[in-house]
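Below: one structure, written as structure tokens.
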Amino acid sequence: GPLARTIRAKLDAALQPTHLQVLDESSRHGVPPGSETHFAVVVVSGRFAGLSPLQRHRLVHAALSTELAGPLHALAIVAKTPQQWESDPQVPPRPPCLGGSKHEQRKE
Amino acid sequence: MNGLVRAAWRVAGPGAVGRGRAGRALSQAGTGTGGGAEGGGGGGGGSGSREAVERLVRAHPVVVFMKGSPAQPLCGFSNAVVQILRLHGVEDYRAHDVLQDPDLRQGIKNYSNWPTIPQVYLNGEFVGGCDILLQMHQNGDLVEELKKLGIRSALLDAEKEKDQEKK
Chain C
1 GPLARTIRAK
11 LDAALQPTHL
21 QVLDESSRHG
31 VPPGSETHFA
41 VVVVSGRFAG
51 LSPLQRHRLV
61 HAALSTELAG
71 PLHALAIVAK
81 TPQQWESDPQ
91 VPPRPPCLGG
101 SKHEQRKE
Chain R
1 MNGLVRAAWR
11 VAGPGAVGRG
21 RAGRALSQAG
31 TGTGGGAEGG
41 GGGGGGSGSR
51 EAVERLVRAH
61 PVVVFMKGSP
71 AQPLCGFSNA
81 VVQILRLHGV
91 EDYRAHDVLQ
101 DPDLRQGIKN
111 YSNWPTIPQV
121 YLNGEFVGGC
131 DILLQMHQNG
141 DLVEELKKLG
151 IRSALLDAEK
161 EKDQEKK
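Chains C and R, in that order, are what the protein sequence lines are.
The numbering of the first sequence is full-length UniProt numbering, which starts it at 1 and goes up by one.
The numbering of the second sequence is full-length UniProt numbering, which starts it at 1 and goes up by one.
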């Protein structure tokens, strides 16, 4: 979808990842599939070297600050250096949705 | 370790012993503004102000801002945080339900400059969200951080028991 493309483009530009996965996980979160509200990204970039997980996540947030202030409601992040990814190319299991979005007051 | 992580995703049932307290709404909720609004509306004064948030994060060594409560999380990511803490035997912590308080919800994001919920604070310091807590749990950092706070992780006792069984 369009948001997925935007996310990909912005992360590419900001972090020059060697590996990048952008997954729309909205269907797993109590909203219609393809809603493009809940995403997971797997970002492998040399730019993360020497940075703590918090710093890495902040870099990802910074690249997507406009989206996060807008339609992007949730963002799960896996941020690894190329070396880390080579030695451990896996993504932790995603927690199941507990319907939190249904408790939101939606602005149309 | 993966088995433990998968077990953590089990939803806390009604019988769960969650002693973390749900945050009481500090402001008058129900002004009609959308609780789903992620941007706009800074917490100028009231429960979302910098001072108010600062008081909350310093009130206890372990403070969590989440959706729902430890006894009944309303979001998979928030539940993950609760379950991880529970695995470590941390049941005594402050939990604040941002769904109850839109000002707090925006205020905590401004305070930490972090766009999403849940948020975990150890000793008044922002540590990260669900992904980071999970990482810390998996690589042993969480046990260390809890130790610095004078909290002995239950997983250390579990390890000890396992060793004793081997003898």
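Beta carbons are placed, not taken as given, at the ideal position from N, Cα and C, and that holds for glycine.
For ALA7/R and VAL81/R, I'd like the C-alpha separation in whole angstroms. Only weak support exists for where ALA7/R lies, its pLDDT of 44 falling under 50; the coordinates are left without a value.
Taking 7 Å as the threshold (beta carbon to beta carbon), is PRO53/C in contact with chain R? True, the Cβ-Cβ gap to chain R drops below 7 Å.
Out of curiosity, what's the CA-to-CA distance linking PRO61/R and GLY150/R? Taking the CA atoms as reference points, PRO61/R sits about 9 Å from GLY150/R.
Taking 7 Å as the threshold (beta carbon to beta carbon), is ALA40/C in contact with chain R? Not closer than 7 Å to any Cβ of chain R, the Cβ of ALA40/C fails to qualify, so no.
Per-residue DSSP class, three states only, for ILE77/C: Note: ILE77/C maps to strand in three-state DSSP.
Compare the beta carbon distance of ALA154/R and GLY89/R with 7 Å and say whether it is the shorter of the two. Taking a C-beta distance under 7 Å as the contact criterion, ALA154/R and GLY89/R qualify as a contact pair.
Taking the alpha-carbon positions, what's the LEU23/C to LEU68/C distance? Looking at the two C-alpha atoms, the distance is approximately 15 Å.
By how many angstroms is the C-alpha of PHE39/C removed from the C-alpha of ALA29/R? Since pLDDT at ALA29/R reaches only 38, below the 50 mark, its modelled position is unreliable, and the value read off the structure follows with that caveat. So the two alpha carbons sit approximately 29 Å from each other.
Would you list the one or two residues that DSSP bridges to LEU20/C? VAL43/C, per the DSSP bridge assignment.
Could you give the residue range of the alpha helix (DSSP H) that holds VAL60/C? Note, VAL60/C: alpha helix (DSSP H), 53 to 63.
Among LEU87/R, LEU104/R, ALA71/R, ASN113/R, whose alpha-carbon lies nearest the alpha-carbon of GLY48/R? Selected option, being the one with the closest Cα: LEU104/R.
How would you list, in chain order, the residues of chain C whose beta-carbon sits under 9 Å from the beta-carbon of GLN106/R? None at all; the shortest Cβ gap to chain C is about 11 Å.
Which residue spans inside the stretch 47 to 76 of chain R form an unbroken alpha helix (DSSP H) run of at least 4? Within the stretch 47 to 76 of chain R, the alpha helix (DSSP H) runs of at least 4 residues that lie entirely inside it are, in chain order, 50 to 58.
Would you kindly check if the distance between the Cβ of ASN79/R and the Cβ of LEU98/C is under 7 Å? Taking 7 Å as the Cβ cut-off, LEU98/C and ASN79/R qualify as a contacting pair.
Interface flag, HIS19/C vs chain R, CB-CB below 7 Å: Using beta-carbon distances, HIS19/C does not count as an interface residue toward chain R, since no partner is under 7 Å.
Could you confirm whether any beta carbon from chain R is found closer than 7 Å to the beta carbon of PRO96/C? At least one CB of chain R lies nearer than 7 Å to the CB of PRO96/C.
Is the beta carbon of PRO96/C closer than 7 Å to that of GLY76/R? Yes, these two residues count as a Cβ contact at 7 Å.
Please name the residue in GLU91/R, PHE126/R, PRO118/R whose C-alpha comes closest to that of HIS73/C. Comparing Cα positions, the closest option is PRO118/R.
When DSSP builds the beta bridges, which residues end up paired with HIS38/C? According to DSSP, HIS38/C bridges with ALA74/C.
Listing by chain order, which chain R residues have their CB less than 9 Å from the CB of ILE77/C? Those are GLY129, ASP131, ILE132, listed as they occur along chain R.
Chain R beta carbons: is any one of them nearer than 7 Å to that of LEU11/C? By this cut-off, LEU11/C is not an interface position.
Can you tell me whether PRO2/C is buried or exposed, with buried defined as 16 or more other CB within 10 angstroms of its CB? Result: exposed.
Grab me the residues of THR18/C's own chain with a C-beta within less than 8 Å of its C-beta, minus the 5 sequence neighbours each way, in chain order. VAL44, SER45, GLY46, PRO82, TRP85, listed in sequence order.
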